[in-house]
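According to numbering that gives the first Met the number 0, the residues represented by the sequence shown are 0 to 293, in order. Yeah, the Cβ is synthetic: ideal placement off N, Cα and C, and Gly gets one too. All of these numbers come straight from a predicted model, not from anything done at the bench.
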Amino acid sequence: MILLTGASGQIATAVITTLLRQLPSNQIAAFVRNPAKATKLQAQGLDLRIGSYDDRDSLDRAMQGIDTVLLISGTEEGKRVQQHQNVIDAAKKAGVKRIAYTSRNLRNPATLANTLMHEHFQTEEAIKASGLMYTIFRNALYMDAIPQFIGGAHSFERGIVLPAGDGRVAFALRSEQGEAMANALVQLHNESQIYALTGSQTWSFADVAQSLSELTGKTIAYTPIEGSAFAANLKQRGLDDQVIQRILGFMTDIKLGQEDQVSASLETLLGRKPSGLKAGLSSIFAEALQANEH
Numbered sequence: 000m001i002l003l004t005g006a007s008g009q010i011a012t013a014v015i016t017t018l019l020r021q022l023p024s025n026q027i028a029a030f031v032r033n034p035a036k037a038t039k040l041q042a043q044g045l046d047l048r049i050g051s052y053d054d055r056d057s058l059d060r061a062m063q064g065i066d067t068v069l070l071i072s073g074t075e076e077g078k079r080v081q082q083h084q085n086v087i088d089a090a091k092k093a094g095v096k097r098i099a100y101t102s103r104n105l106r107n108p109a110t111l112a113n114t115l116m117h118e119h120f121q122t123e124e125a126i127k128a129s130g131l132m133y134t135i136f137r138n139a140l141y142m143d144a145i146p147q148f149i150g151g152a153h154s155f156e157r158g159i160v161l162p163a164g165d166g167r168v169a170f171a172l173r174s175e176q177g178e179a180m181a182n183a184l185v186q187l188h189n190e191s192q193i194y195a196l197t198g199s200q201t202w203s204f205a206d207v208a209q210s211l212s213e214l215t216g217k218t219i220a221y222t223p224i225e226g227s228a229f230a231a232n233l234k235q236r237g238l239d240d241q242v243i244q245r246i247l248g249f250m251t252d253i254k255l256g257q258e259d260q261v262s263a264s265l266e267t268l269l270g271r272k273p274s275g276l277k278a279g280l281s282s283i284f285a286e287a288l289q290a291n292e293h
């Protein structure tokens with residue numbers, strides 16, 4: 000029996016889609032905070048378990064009868080390491096055999112600009128210290144996040160302006176990372192595993208601009224700018240300082256090569272090459288590209 004935490008979220012949805020092709024629905028349990036957001040999961044026949052990362056009693060109940068837990072990273076900065084520890088403790092207490100975790104694939108955690116990422120590696124250490132068998136998925140940046148970084152379809156007209164320099168990213172689609180995770184979870188291993196789930200090559204934002212130019216039939220330029228100018232632009236658009244610093248952290252790490260790593264794990268687990276940049280962008284921007292044609 001596999002339990003997914005954060006089961007109504009996007010990455011969990013991608014994992015569940017593939018699990019349901021390989022397992023009966025009664026072998027999949029979904030841990031959710033709000034049952035109103037889990038009606039689709041219930042309709043699919045999943046075993047709903049209600050609670051939160053902060054509610055230790057609900058975690059204890061959720062772990063009953065579970066063999067493998069997929070701990071999907073929480074989103075509450077500053078709190079999530081303790082929340083993850085609560086999940087790990089409950090899993091160990093209930094005799095769960097394996098814990099899996101959605102971490103991040105970055106070149107050198109010690110030199111990260113985006114300090115929020117440290118919480119992933121603290122969680123990895125907590126999992127290893129638990130003594131449980133583990134599967135750690137170190138995910139590349141979602142290709143699906145590109146619209147947020149570049150300003151969505153507005154970039155078709157104004158171009159892409161970011162402080163990422165010539166930095167390259169091994170982008171991968173969220174759906175394919177979820178599919179690969181599901182495939183790994185149903186495999187029986189007697190040892191712990193770490194998978195780096197990346198695209199099969201890396202791309203710069205100049206490559207993103209080139210692919211979008213080909214898809215739209217327009218000339219879309221990428222202009223690298225300094226971080227201070229970028230932050231000032233975001234401030235003018237009304238973003239708060241914390242959000243600006245997080246975006247700037249992502250961009251700085253890209254510029255410094257933190258995301259410039261390729262692994263074969265995603266291709267191996269999928270049994271095919273992951274989607275390339277142009278194909279992925281065509282899917283992600285499907286509606287905007289259709290509108291662009293008219």
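For residue i, the residue or residues it bridges with in DSSP
{"i": "Thr101", "result": "Phe136"}
{"i": "Arg310", "result": "The first residue shown for the chain is 0 and the last is 293, placing residue 310 beyond what the model contains."}
{"i": "Pro146", "result": "Beta-bridge pairing links Pro146 to no other residue."}
{"i": "Ala195", "result": "Arg137"}
{"i": "Leu233", "result": "DSSP lists no partner for Leu233."}
{"i": "Arg167", "result": "Ser203"}
{"i": "Leu70", "result": "Tyr100"}
{"i": "Leu161", "result": "Pro223"}
Rounded straight-line distance, which links the Cα of residue j to that of residue i
{"i": "Trp202", "j": "Glu292", "result": "26 angstroms"}
{"i": "Gly158", "j": "Thr110", "result": "30 angstroms"}
{"i": "Glu258", "j": "Gly50", "result": "34 angstroms"}
{"i": "Gly270", "j": "Ala228", "result": "43 angstroms"}
{"i": "Gly64", "j": "Thr215", "result": "51 angstroms"}
{"i": "Ile87", "j": "Ser154", "result": "42 angstroms"}
{"i": "Val168", "j": "Gln41", "result": "37 angstroms"}
{"i": "Leu70", "j": "Lys217", "result": "42 angstroms"}
{"i": "Ala278", "j": "Ala171", "result": "11 angstroms"}
{"i": "Phe120", "j": "Ile135", "result": "10 angstroms"}
{"i": "Lys78", "j": "Asp66", "result": "26 angstroms"}
{"i": "Gly44", "j": "Gly8", "result": "17 angstroms"}
{"i": "Ser24", "j": "Lys127", "result": "29 angstroms"}
{"i": "Ser274", "j": "Leu140", "result": "14 angstroms"}
{"i": "Phe284", "j": "Asp56", "result": "42 angstroms"}
{"i": "Val160", "j": "Glu118", "result": "29 angstroms"}
Bounding residues of the alpha helix (DSSP H) (the contiguous stretch that carries residue i)
{"i": "Ala29", "result": "Ala29 -> not in any alpha helix (DSSP H); beta strand (DSSP E) instead, spanning Ile27 to Val31."}
{"i": "Leu280", "result": "Leu276 to Ile283"}
{"i": "Leu238", "result": "Segment: none, Leu238 is in no alpha helix (DSSP H) and carries neither H nor E."}
{"i": "Ile126", "result": "His117 to Ser129"}
{"i": "Ile87", "result": "Arg79 to Ala93"}
{"i": "Thr4", "result": "Run containing Thr4: none in the alpha helix (DSSP H); it sits in the beta strand (DSSP E), Ile1 to Thr4."}
{"i": "Ile65", "result": "Ile65 -> no alpha helix (DSSP H), and no H or E assigned at all."}
{"i": "Leu172", "result": "Counting along the chain, Leu172 falls outside any alpha helix (DSSP H), and DSSP gives it neither H nor E."}
{"i": "Ser264", "result": "Ser264 to Leu269"}
{"i": "Lys272", "result": "Here Lys272 belongs to no alpha helix (DSSP H), and DSSP marks it neither H nor E."}
{"i": "Val14", "result": "Gln9 to Gln21"}
{"i": "Gln329", "result": "This structure cannot settle anything about residue 329, because the visible part of the chain is limited to 0 through 293."}
Within 9 angstroms, strictly: CB atoms of residue i and residue j
{"i": "Val207", "j": "Ile253", "result": "no"}
{"i": "Val14", "j": "Leu196", "result": "no"}
{"i": "Ser129", "j": "Thr101", "result": "no"}
{"i": "Thr4", "j": "Val68", "result": "yes"}
{"i": "Pro108", "j": "Asp165", "result": "no"}
{"i": "Lys99", "j": "Met0", "result": "Reading the sequence as shown, one finds Ala at residue 99 and not Lys. Going by C-beta atoms, Ala99 is not nearer than 9 angstroms to Met0."}
{"i": "Asn232", "j": "Gln21", "result": "no"}
{"i": "Asn85", "j": "Asp53", "result": "yes"}
{"i": "Val18", "j": "Ile10", "result": "Sequence check: residue 18 is Leu here, not Val. Their beta carbons are not under 9 angstroms apart, which means Leu18 does not touch Ile10 by this criterion."}
{"i": "Leu47", "j": "Ala35", "result": "no"}
{"i": "Leu247", "j": "Gly226", "result": "yes"}
{"i": "Met62", "j": "Lys92", "result": "yes"}
{"i": "Gly177", "j": "Met142", "result": "no"}
{"i": "Tyr133", "j": "Gln200", "result": "no"}
{"i": "Thr122", "j": "His83", "result": "yes"}
Residue interval of the beta strand (DSSP E) (run including residue i)
{"i": "Ile219", "result": "No beta strand (DSSP E) holds Ile219; DSSP gives it neither H nor E."}
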